[in-house]
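Heads up, my numbering is the position in the sequence shown plus 3, with the first residue counted as 1.
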Amino acid sequence: MTDNTARLTELAKRRGFFFQSSEAYGGVAGFYVYGPEGATLKENVQDAWRDRFVRREGHMEIESPTVMPEPVFEASGHLDGFDDMILECPECGTSHRADHLVEDNTDIEEAESIPIPEVEEIIAEAELVCPTCGTDLAGEPVDDFNLMFGTNIGPGSSSPGYLRPETAQGIFVEFPRLKEYARGQLPFGVAQVGPAYRNEISPRKGLIRLREFAQAELEHFIDPETDEPPLAEVEDVEVTLYSAAEQDADGGAPQTMTVGEAVAEDVITSDWVAYYLGVAKDWYARIGVDMDRFRYRQHNEGELAHYAADCWDAEADVTAPGAEPDWVEITGFAYRGDYDLSKHGEYADEDFTIFKQYDDPITVERATVDPDMSYLGPEFGGDAAAVADALEALAERDRSAFEGDEVSVDVDGEELTVPVEKTGFAVEETTESGEHITPHVVEPSFGVDRIVYTVLAHSYREEDLGEASEDASGEAASEADDEDEERTVLSLPPEVAPKTVAVFPLMDKDGLGERAREVADELRAAGFEVAYDASGSIGRRYRRQDEVGTPFCVTVDYDTLEDDSVTVRDRDSTAQARVGLDELATRLRTLRAGETSVSDL
Ligand code: GAP
4 MTDNTARLTE
14 LAKRRGFFFQ
24 SSEAYGGVAG
34 FYVYGPEGAT
44 LKENVQDAWR
54 DRFVRREGHM
64 EIESPTVMPE
74 PVFEASGHLD
84 GFDDMILECP
94 ECGTSHRADH
104 LVEDNTDIEE
114 AESIPIPEVE
124 EIIAEAELVC
134 PTCGTDLAGE
144 PVDDFNLMFG
154 TNIGPGSSSP
164 GYLRPETAQG
174 IFVEFPRLKE
184 YARGQLPFGV
194 AQVGPAYRNE
204 ISPRKGLIRL
214 REFAQAELEH
224 FIDPETDEPP
234 LAEVEDVEVT
244 LYSAAEQDAD
254 GGAPQTMTVG
264 EAVAEDVITS
274 DWVAYYLGVA
284 KDWYARIGVD
294 MDRFRYRQHN
304 EGELAHYAAD
314 CWDAEADVTA
324 PGAEPDWVEI
334 TGFAYRGDYD
344 LSKHGEYADE
354 DFTIFKQYDD
364 PITVERATVD
374 PDMSYLGPEF
384 GGDAAAVADA
394 LEALAERDRS
404 AFEGDEVSVD
414 VDGEELTVPV
424 EKTGFAVEET
434 TESGEHITPH
444 VVEPSFGVDR
454 IVYTVLAHSY
464 REEDLGEASE
474 DASGEAASEA
484 DDEDEERTVL
494 SLPPEVAPKT
504 VAVFPLMDKD
514 GLGERAREVA
524 DELRAAGFEV
534 AYDASGSIGR
544 RYRRQDEVGT
554 PFCVTVDYDT
564 LEDDSVTVRD
574 RDSTAQARVG
584 LDELATRLRT
594 LRAGETSVSD
604 L
């Protein structure tokens with residue numbers, strides 16, 4: 004943990020952003036509580052996500068259960084393939100993620116994609132030891148560990164279920180009904196924001212690796228033949244891309260280019276993924292992610308999840324500027340192809356396809372068979388039905404096989420011959436108005452907690468107030484004189500800051516407190532998140548609001564009682580302006596929207 008990270012974690016706990024849960028019982032790793040400030044910050048980030056990825060895109064949002072029955076995960080592949088590598092220390096019994104041991108102690112990055120036997124070799128060659136007790140780990144077996152939390156649905160154990168490891172499955176499973184809401188028309192998108200659960204082997208780094216976390220996922224169902232994203236809307240957005248090829252190349256490095264260039268040069272091969280990388284880049288900037296500490300990194304072949312054909316991660320460096328970077332995956336953008344819907348179509352009883360209507364009906368020739376079972380029965384006995392099925396499949400596949408007097412089919416490895424006249428073979432003309440297709444899925448999958456942490460880490464700064472006063476009004480200097488010379492600031496964008504405005508009475512006497520409370524109530528009624536603070540000096544109160552990222556403070560003083568005006572102070576510049584109470588709500592709205600600044604008032 005860098006000093007900066009430690010100070011941010013301390014601030015988060017002290018000021019009610021986040022802290023480990025069940026601390027009264029010793030705490031449990033991987034489960035965190037969002038305190039009053041953090042819960043609002045997280046909600047605001049989720050609202051901003053909904054605004055951009057659901058409302059603006061015209062998608063729908065659903066809310067499905069977090070527990071799902073086992074067959075869902077047999078179909079999705081999670082039961083068999085959703086594993087991490089576990090290594091147990093023979094001495095102290097601590098479980099470690101083997102790939103993390105390798106990454107933390109060697110130059111190897113992304114060890115997740117290395118096969119288990121090679122990981123075991125690396126551990127032995129690098130003479131890795133247990134981080135907890137120092138025991139040599141050479142020769143210790145590395146195993147697969149399934150990350151899903153299992154449970155039983157109802158009494159007994161006859162109906163196993165799992166806490167969903169991604170919100171996505173709650174969307175895929177309901178596709179047969181969701182397509183009706185979309186009137187059977189592609190493309191359409193379905194979003195879900197909610198908890199996902201993974202029994203991580205070694206949860207770490209606070210909100211970064213949790214066992215219960217929130218995802219905001221969009222499953223965009225498309226016809227890969229005809230549907231195209233509105234790429235022109237994002238083609239000029241600049242993105243920093245660390246492609247798989249650059250990661251593999253000697254001296255390879257991330258490259259900055261526009262989305263349009265990346266598509267033209269085939270750096271991003273899916274237009275849909277490119278579209279969402281462009282949209283998301285602007286969204287991250289909007290909620291306060293520092294674009295100098297942000298990049299997109301492509302998964303290499305071994306790293307791809309079992310369902311993904313291509314995947315780019317949004318990564319943020321969550322250390323302080325200038326420190327050794329610590330890149331954390333905050334979102335995955337995957338092209339999942341038809342994997343999910345095909346699998347559920349195979350395992351479930353419902354139809355996971357879409358009927359795609361042709362512009363004009365088409366006439367097609369269809370080869371059919373109508374085998375003479377009074378011949379096949381006596382001739383092939385118990386295999387007669389299998390022979391009939393094989394004839395039907397062959398007619399569809401290769402009608403020329405029926406051109407001679409006899410036709411041969413393979414049944415369980417045996418070649419069986421049938422006279423063509425007994426097959427009822429015919430070629431008929433039929434009119435078709437469309438076909439059933441399995442939609443492809445483009446999936447931006449956002450990890451809300453990691454994004455919240457990134458926004459906090461990127462907005463955190465420690466500042467000398469003397470410096471702040473140099474480029475702000477004279478009032479800033481008086482803030483420094485008033486109390487400490489330093490302040491800690493979360494420069495959160497007003498859209499996500501837990502409180503938009505704090506209201507203070509200069510002193511809690513002579514009617515100032517009552518007037519300030521009235522102002523706070525009026526602002527709440529006008530829809531603002533408002534803090535009220537009457538204790539300590541004004542400088543102290545500013546410091547307290549700076550620390551939780553409140554962008555504007557309003558002070559009620561003796562002049563207010565005379566002329567109904569208040570002082571509005573800006574968190575970042577510390578600039579101040581006098582504003583009439585009759586226009587305060589309107590001014591704060593324009594300030595919150597970034598349409599004006601306090602210095603301009
Ligand atoms: N549906 C696709 C999917 O779940 P993922 O890359 O496994 O993809 C998506 O997860 C996002 O969820 C990640 O980019 C990350 O931000 C977040 N995430 C995954 N595991 C997490 C964990 N243990 N703790 C916190 N966030 C996690």
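For every residue, glycine included, the Cβ atom is placed at its ideal position computed from N, Cα and C.
This one's a predicted model, so the numbers in the text were calculated from it and none came from an experiment.
Out of curiosity, what's the CA-to-CA distance linking residue i and residue j?
i: E130; j: R55; result: 49 Å
i: S476; j: F531; result: Because the pLDDT at S476 is just 42, under 50, the model does not fix this residue reliably, and the point stays unresolved.
i: S494; j: D575; result: 7 Å
i: Q172; j: E264; result: 34 Å
i: H302; j: C314; result: 6 Å
i: A248; j: P257; result: 10 Å
i: A396; j: E368; result: 15 Å
i: G407; j: T154; result: 60 Å
i: A528; j: G516; result: 18 Å
i: V105; j: F148; result: 17 Å
i: W275; j: L234; result: 8 Å
i: F555; j: R339; result: 44 Å
i: P364; j: T371; result: 20 Å
i: T109; j: E128; result: 11 Å
i: Q195; j: T170; result: 7 Å
i: S273; j: P232; result: 10 Å
i: A42; j: D452; result: 11 Å
i: T558; j: E550; result: 18 Å
i: E488; j: L166; result: 50 Å
i: G348; j: E177; result: 11 Å
i: T366; j: E399; result: 16 Å
i: A9; j: A15; result: 10 Å
i: I89; j: F76; result: 21 Å
i: W286; j: V36; result: 26 Å
i: D239; j: P74; result: 44 Å
i: Y561; j: G38; result: 35 Å
i: H117; j: H103; result: The sequence given here has Ile at residue 117, not His. Roughly 12 Å between the two C-alpha positions.
i: A51; j: S162; result: 38 Å
i: I454; j: A523; result: 30 Å
i: D139; j: A101; result: 13 Å
Residues in its own chain within less than 7 Å of residue i by CB, not counting five upstream and five downstream?
i: K359; result: D226, G437, E438, I440
i: R214; result: G33, F34, Y200, R201, N202, E203, P206
i: P179; result: E353, D354, F355
i: P374; result: A391, L394, K425, T426, G427
i: E60; result: G192
i: L189; result: F224, I225, D226, D230, I357, P442
i: A185; result: F191
i: A283; result: A317, T334, P447
i: E490; result: Per the sequence shown, the amino acid found at residue 490 is Arg instead of Glu. Result list for R490: E466, L468, R546, D549, in chain order.
i: L11; result: L459, A460, Y463
To which residues of the same chain is residue i closer than 6 Å at the C-beta, ignoring the five residues directly before and after it?
i: L181; result: V193
i: V430; result: E368, A370
i: K502; result: E532, A534, T553
i: K346; result: A78
i: T135; result: C95, T97
i: R402; result: A370
i: P422; result: E409
Since residue i contacts residue j with CB under 8 Å, what's their CB separation in whole angstroms?
i: V262; j: G281; result: 4 Å
i: V242; j: G164; result: The pair is not a contact, with the Cβ atoms about 40 Å apart (cut-off 8 Å).
i: F2; j: L344; result: Here the chain comprises residues numbered 4 to 604, so residue 2 is not present and cannot be evaluated.
i: I126; j: A114; result: About 10 Å separates the two Cβ atoms, so there is no contact after all.
i: Y456; j: G197; result: So it is not a contact: roughly 18 Å between Cβ atoms.
i: H309; j: G80; result: 5 Å
i: Y245; j: R298; result: 6 Å
i: D386; j: V414; result: 5 Å
Looking only at its own chain, which residues have a Cβ that is under 8 Å from the Cβ of residue i, when we skip the five neighbours before and after it?
i: V601; result: F555, V571, R572, D573, S576, A578, Q579, A580, L594
i: D474; result: Annotation note: pLDDT 39 at D474 (below 50); position unreliable, no value reported.
i: R590; result: V571, V582, T599, L604
i: D585; result: D567
Just to check, is the beta-carbon of residue i closer than 7 Å to a non-hydrogen atom of the ligand ATP?
i: D452; result: In terms of ligand content, the structure shown lacks the ligand ATP and carries the ligand GAP instead.
- Message: Under 8 Å: do the segment 537-552 and the segment 501-515 share three or more Cβ pairs, one atom per stretch?
- Response: Between the segment 537-552 and the segment 501-515, the count of Cβ pairs shorter than 8 Å is three or higher; the stretches touch.
- Message: Quick check: the segment 429-436 against the segment 214-223, are at least 3 beta-carbon pairs closer than 8 Å?
- Response: No, because fewer than three Cβ pairs between the segment 214-223 and the segment 429-436 fall closer than 8 Å, the two stretches do not touch.
- Spell out a yes or no on whether the segment 453-470 and the segment 309-324 are touching, meaning 3 or more CB-CB pairs, one atom from each, closer than 8 Å. By the criterion of at least three beta-carbon pairs nearer than 8 Å, the segment 453-470 is in contact with the segment 309-324.
- Message: Count Cβ pairs between the segment 324-344 and the segment 446-455 that sit closer than 8 Å; are there 3 or more?
- Response: Between the segment 324-344 and the segment 446-455, the count of Cβ pairs shorter than 8 Å is three or higher; the stretches touch.
- Item | Touching by the beta-carbon criterion (3+ pairs, under 8 Å), the segment 132-149 and the segment 7-26 | With the rule of 3 Cβ pairs closer than 8 Å, the segment 132-149 does not count as touching the segment 7-26.
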